[in-house]
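Below is one structure; the comments refer to it alone.
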Amino acid sequence: MKYSYVKPRKKTPFTPEFQLIIIFFGISISMLMTTYIFLLYKNYTFEKDKMRIVNERLALQKDIELLNTKIAYIQKQKALAEKIYTNNTVLRDSIANLFDLVPERITLSKAQLLKNGLILYGITPNKDVYNFMLQAPLRSIFQKTYTSFYPAKNGWLHFVSKNYMEDDTTDDEELTNED
Amino acid sequence: MWSKKVVLSKIFEALYVKVLVNIIIQKTKTLIYIEVYGRKGVVEHIHNEFDTPTPSQQMIDFITSYTKETPYFYISYLDPSNTQGVVPTCNKNKLAYYKDISSCEYLCFNNSWTFYTSKSELYELEKEQGLLGVDFVFSPFVVLANFFQDKISSHISLYVLILEDSIVLSVFEDSMLLYGEHLVVKITDDEDTFSHVDDEDITEIEDALDENIDLEDIDVDDNIESLEDFGDIEDLDSLEDIEDFSDNRDIEEELQEGDMDLKEGDKEHFNQDYSRFTLIEESVAHYYKDDRYESKFLENIYIADSVGVSYDLKKLLEEEMFFNVYIRRIDIGVEVSEIAKKELGL
Amino acid sequence: MKINITRHHIYMITVSVILFLFVILFSFLVLIPEGKEYRQKRLALKKEFKEYYKYENYHDETVAKYKELQSKNRHIITAFDSIFNPQRFQKQHKNYFSSLILSKLNREKDEDSFAVYEVNTTSKISSPTNFYDFLDAVNKSDWIIGVNFPIDFQRDGEMIKSSFTMKVYANNKDKNSTKSGSKAK
Chain A
1 MKYSYVKPRK KTPFTPEFQL IIIFFGISIS MLMTTYIFLL YKNYTFEKDK MRIVNERLAL
61 QKDIELLNTK IAYIQKQKAL AEKIYTNNTV LRDSIANLFD LVPERITLSK AQLLKNGLIL
121 YGITPNKDVY NFMLQAPLRS IFQKTYTSFY PAKNGWLHFV SKNYMEDDTT DDEELTNED
Chain B
1 MWSKKVVLSK IFEALYVKVL VNIIIQKTKT LIYIEVYGRK GVVEHIHNEF DTPTPSQQMI
61 DFITSYTKET PYFYISYLDP SNTQGVVPTC NKNKLAYYKD ISSCEYLCFN NSWTFYTSKS
121 ELYELEKEQG LLGVDFVFSP FVVLANFFQD KISSHISLYV LILEDSIVLS VFEDSMLLYG
181 EHLVVKITDD EDTFSHVDDE DITEIEDALD ENIDLEDIDV DDNIESLEDF GDIEDLDSLE
241 DIEDFSDNRD IEEELQEGDM DLKEGDKEHF NQDYSRFTLI EESVAHYYKD DRYESKFLEN
301 IYIADSVGVS YDLKKLLEEE MFFNVYIRRI DIGVEVSEIA KKELGL
Chain C
1 MKINITRHHI YMITVSVILF LFVILFSFLV LIPEGKEYRQ KRLALKKEFK EYYKYENYHD
61 ETVAKYKELQ SKNRHIITAF DSIFNPQRFQ KQHKNYFSSL ILSKLNREKD EDSFAVYEVN
121 TTSKISSPTN FYDFLDAVNK SDWIIGVNFP IDFQRDGEMI KSSFTMKVYA NNKDKNSTKS
181 GSKAK
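Chains as they are written, first to last, in this note's numbering: chain A, 1 to 179; chain B, 1 to 346; chain C, 1 to 185.
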């Protein structure tokens, strides 16, 4: 201090009343700001979470598609396998039926199973036996039947029976025993 | 260069006016001078006087009515301590040579002299004025030096500030203080004395006067001694000396004084002025006698008169002490305010 | 009663008004829209979560279904995946035949996007029942094999010489579906 023995008191425009006003508004504004910052933060996290959830859902979607394709494939495999199995079983049954069809007195020497036909080579005692016992059931199964005979050594007849189906619905021959 | 805080506070300051409250405490009353200082200078000023030396509710209300305008108000006091004075050096080691200032608060003025006051009295002032507060306390010596700053820088003279109940006296030459003293005027019951002015009591009065005269005699003796120091009387008669003597007359000051109306004293004022004169005389004698002070011959006395002294004082000083007396009226409130403004840099 | 308003009061009132206006403006122009956005976003997120849970449930069901199918049809799946090994086949089914000869594997045209290999087989059996049993056994073999026409039976002394074609079905290698891993939890 240049001339005075004492230093003057600190002079500030922030009198107690003014300080009160500032503190009051300060608290209010800081509360508003806190709320605002909170809202900003929450909005940001909401957006982020939404993105995340959407992405996860899409991933799930993709995976579901993938699984569905795999499921479809397995089902296809199963269908094919079942078809094959049934085919085999049907084949077995048909062959069994065929051989059951052949009566005792007729002996087959060769049988050719084709897709739409059946060719039998064998010996029959006489035509009648062949016609009644073999030809008739064959006729009932096949649409076209051709038989040719030629005599055998011991008086019996060799026969060649060619039988064909008309319809070509499937590759497999359907030999169902209608008896 | 300026920190952010300083810049901010300067902006705040610029938004407000400053209120300078200057309080001069006297024995029976308090003088208050308030200045409202805006950007372009003094906007408002008002004097007031309260008949109590301690703050009254009225006084506080008056001051508060101005200070509530702005937070930048400064309450300045003229130091009313009984124990205060000056020392003609700023050198800390030499201070003790003149006065024991261990219990004093002191400051250096302009790197040339020190003014001091009693710490305890300062503390008491702060305590008493607690409600208002204290921002500045100025020494009357500073006020005096500032008031006569145009004269101080020239040849050696005696400068006296006359207040209601004290006298502040100092000797300056070339802006350097050679001697200074703070004198307290004892309040004599002048009124009582003069109310009894009957012929019967004149003897008593004369006795009192005689006592004063006795003192005067002694002083005259001292004066003669000092006069002898100045060489032969014959030399004094030489024209050159007379011319020098006449040059020392302050013509400017005399012209100023011309406008002034010194009262022809009535008995009451005379008593007061006489006691004032006595004190001045004592102090000057002390100055001449004391070896510690550079005792040069004083021819001129400049008086800052804040109370309105009578013509008698001038006459006494001229006739008894052979001074060229120049009296300037001073409004003490205004002058304290000037110091406050200087302190604040306004 | 003179009401004296000091400059300091004016400043304080101005500051108060400004701060008050700021509070009001901020609340209405900034805070409330942000609050609305908050509510909206929260709702949207909730909806998304619900949707996700639906998908999650469906996914879990699908995974379960897939796993079930996998476990139920393991034999078929592995059969499709296995490479036909004639030697092993011969070893496994020679019981039914007195002799079994397999030809080389021929790659045929793909059927239904499955790779098809044909094998011509000639064998000798003692009686047709062997053939029937063989056909039953083929269904349980390590591969998906279908016995196909033309099938020949020819009497050869006490034995029956039989020849037939077998079609072996397998996964097409570029399909690569059973080998890849899925997100099955």
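For glycine and all other residues, C-beta sits at the position ideal for the given N, C-alpha and C.
Keep in mind it's a predicted model, so treat the numbers as computed, not measured.
Would you identify the three-state DSSP class for residue i, choosing helix, strand or coil?
{"i": "H93(C)", "result": "helix"}
{"i": "A136(A)", "result": "helix"}
{"i": "R155(C)", "result": "strand"}
{"i": "S182(C)", "result": "Because S182(C) carries a pLDDT of 45, less than 50, the predicted location of this residue cannot be relied on, and no value is offered for it."}
{"i": "Y3(A)", "result": "coil"}
{"i": "T122(C)", "result": "strand"}
{"i": "A111(A)", "result": "strand"}
{"i": "D232(B)", "result": "Summary for D232(B): the model assigns pLDDT 49, below 50, so the residue's position carries little reliability; its value from the coordinates is reported in the next sentence. Three-state DSSP puts D232(B) in coil, outside helix and strand."}
{"i": "S141(C)", "result": "coil"}
{"i": "I3(C)", "result": "coil"}
{"i": "Y86(A)", "result": "A quick correction: the sequence has Thr, not Tyr, at residue 86(A). T86(A) falls in the helix class under three-state DSSP."}
{"i": "D110(C)", "result": "strand"}
{"i": "Y73(A)", "result": "helix"}
{"i": "E105(B)", "result": "strand"}
{"i": "H8(C)", "result": "helix"}
In whole angstroms, what separates the C-alpha of residue i from that of residue j?
{"i": "G181(C)", "j": "N57(C)", "result": "Residue placement at G181(C) is flagged as unreliable, the pLDDT there being 44, under the threshold of 50; a coordinate-derived value is accordingly withheld."}
{"i": "W143(C)", "j": "F89(C)", "result": "9 Å"}
{"i": "R42(C)", "j": "F46(A)", "result": "7 Å"}
{"i": "I46(B)", "j": "V184(B)", "result": "28 Å"}
{"i": "L215(B)", "j": "E181(B)", "result": "Any answer about L215(B) is weak, because its pLDDT of 47 lies below 50 and its placement is not dependable; what the coordinates show is given next. Whole-angstrom Cα-Cα distance: 19 Å."}
{"i": "D237(B)", "j": "K267(B)", "result": "Any reading at D237(B) is ruled out, since the residue's pLDDT is 49, under 50, leaving its predicted position unreliable."}
{"i": "K140(B)", "j": "C90(B)", "result": "According to the sequence shown, residue 140(B) is Pro rather than Lys. P140(B) and C90(B): Cα-Cα distance of roughly 18 Å."}
{"i": "K46(C)", "j": "G35(C)", "result": "17 Å"}
{"i": "D60(C)", "j": "K48(A)", "result": "25 Å"}
{"i": "V42(B)", "j": "E35(B)", "result": "7 Å"}
{"i": "Y37(B)", "j": "K18(B)", "result": "5 Å"}
{"i": "V30(C)", "j": "I18(C)", "result": "17 Å"}
{"i": "I29(A)", "j": "L39(A)", "result": "15 Å"}
{"i": "H158(A)", "j": "D100(A)", "result": "20 Å"}
{"i": "T117(B)", "j": "E105(B)", "result": "5 Å"}
{"i": "V160(A)", "j": "G122(A)", "result": "7 Å"}
{"i": "M33(A)", "j": "F28(C)", "result": "13 Å"}
{"i": "T28(B)", "j": "E49(B)", "result": "11 Å"}
{"i": "M51(A)", "j": "E51(C)", "result": "13 Å"}
List the residues of chain B that residue i touches, going by C-beta distances under 7 Å, in chain order.
{"i": "T6(C)", "result": "K68, E69"}
Counting only the same chain and skipping the five closest in sequence on each side, list residues whose C-beta sits under 8 Å from that of residue i.
{"i": "Y5(A)", "result": "none"}
{"i": "S126(C)", "result": "S98, E158, M159, I160"}
{"i": "G133(B)", "result": "I75"}
Within the same chain, show all residues whose beta-carbon is closer than 7 Å to that of residue i, passing over the 5 residues directly before and after it, in chain order.
{"i": "I202(B)", "result": "Residue confidence for I202(B) is low, a pLDDT of 49 falling below 50, so the modelled location carries little weight; the figure read from the coordinates is stated next. Closer than 7 Å at the Cβ level, and outside the excluded window around I202(B), lies no residue."}
{"i": "L144(B)", "result": "Y159, L161, V168, S170, A304"}
{"i": "E338(B)", "result": "N146"}
{"i": "D244(B)", "result": "Only weak support exists for where D244(B) lies, its pLDDT of 45 falling under 50; the value from the coordinates is given anyway. Closer than 7 Å at Cβ, skipping near neighbours: no residue."}
Cβ closer than 7 Å: which chain C residues qualify as neighbours of residue i?
{"i": "R57(A)", "result": "E51, Y52, Y55"}
{"i": "V54(A)", "result": "E48"}
{"i": "F99(A)", "result": "P128"}
Going along the chain, which residues of its own chain have a beta-carbon closer than 6 Å to the beta-carbon of residue i, five neighbours each way excluded?
{"i": "H196(B)", "result": "Residue placement at H196(B) is flagged as unreliable, the pLDDT there being 41, under the threshold of 50; the coordinate-derived value follows with that caveat. Result list for H196(B): empty, nothing under 6 Å."}
{"i": "P16(A)", "result": "none"}
{"i": "I145(C)", "result": "V138, M166, V168"}
{"i": "E294(B)", "result": "L178"}
Strictly below 9 Å CB to CB, what residues from chain C border residue i?
{"i": "Q77(A)", "result": "N73, I76, I77, A79, F80, F114, I144, Y169, N171, T178"}
{"i": "L113(A)", "result": "F149, P150, I151, D152, F153, F164"}
Residue i versus chain C: which residues are under 8 Å apart at the beta carbon?
{"i": "R92(A)", "result": "F131, Y132, L135, D136"}
{"i": "S109(A)", "result": "Q154, R155"}
Mind listing the chain A neighbours of residue i? Cutoff is C-beta to C-beta under 9 Å, in chain order.
{"i": "F26(C)", "result": "I29, L32, M33, Y36"}
{"i": "I332(B)", "result": "Neighbours of I332(B) on chain A: none; closest Cβ ~15 Å, over 9 Å."}
Can you check whether the C-beta of residue i is within less than 9 Å of a C-beta belonging to chain F?
{"i": "K50(A)", "result": "Reference to chain F is not applicable here, since the protein chains of this structure are A, B and C."}
List the residues of chain A whose Cβ lies closer than 7 Å to the Cβ of residue i, in chain order.
{"i": "E105(B)", "result": "Y5"}
What in chain A is Cβ-close to residue i, meaning under 8 Å?
{"i": "G133(B)", "result": "R9"}
{"i": "K342(B)", "result": "K2, Y3"}
Note to self: Along the region 1-20 of chain A, where does the CB come closer than 9 Å to a CB of chain B? Name the residues.
What the structure shows: For the region 1-20 of chain A, the residues whose beta carbon sits under 9 Å from a beta carbon of chain B are, in order, M1, K2, Y3, S4, Y5, V6, K7, P8, R9, K11, T12, P13, F14, T15, F18.
_Along the region 25-48 of chain A, where does the CB come closer than 8 Å to a CB of chain C? Name the residues._
F25, S28, I29, L32, T35, Y36, L39, L40, K42, N43, F46, E47
Output needed in chain order: residues of the region 60-71 of chain C with a Cβ under 8 Å from some Cβ in chain A. T62, V63, K65, Y66, L69, Q70
query = For the region 14-40 of chain B, which residues have a beta carbon sitting closer than 8 Å to at least one beta carbon of chain C?
reply = L15, Y16, V17
Which residues of the region 115-135 of chain A have a Cβ closer than 8 Å to any Cβ of chain C? Give them in chain order.
K115
For this session: Scan the region 139-153 of chain B for residues whose Cβ lies nearer than 8 Å to a Cβ of chain A and list them as they occur along the chain.
Result: S139, V142
Inset, instruction - Using a Cβ-Cβ cut-off of less than 8 Å, list which residues of the region 62-77 of chain A approach chain C; keep chain order. - result: D63, I64, L66, L67, N68, T69, K70, I71, Y73, I74, Q75, K76, Q77
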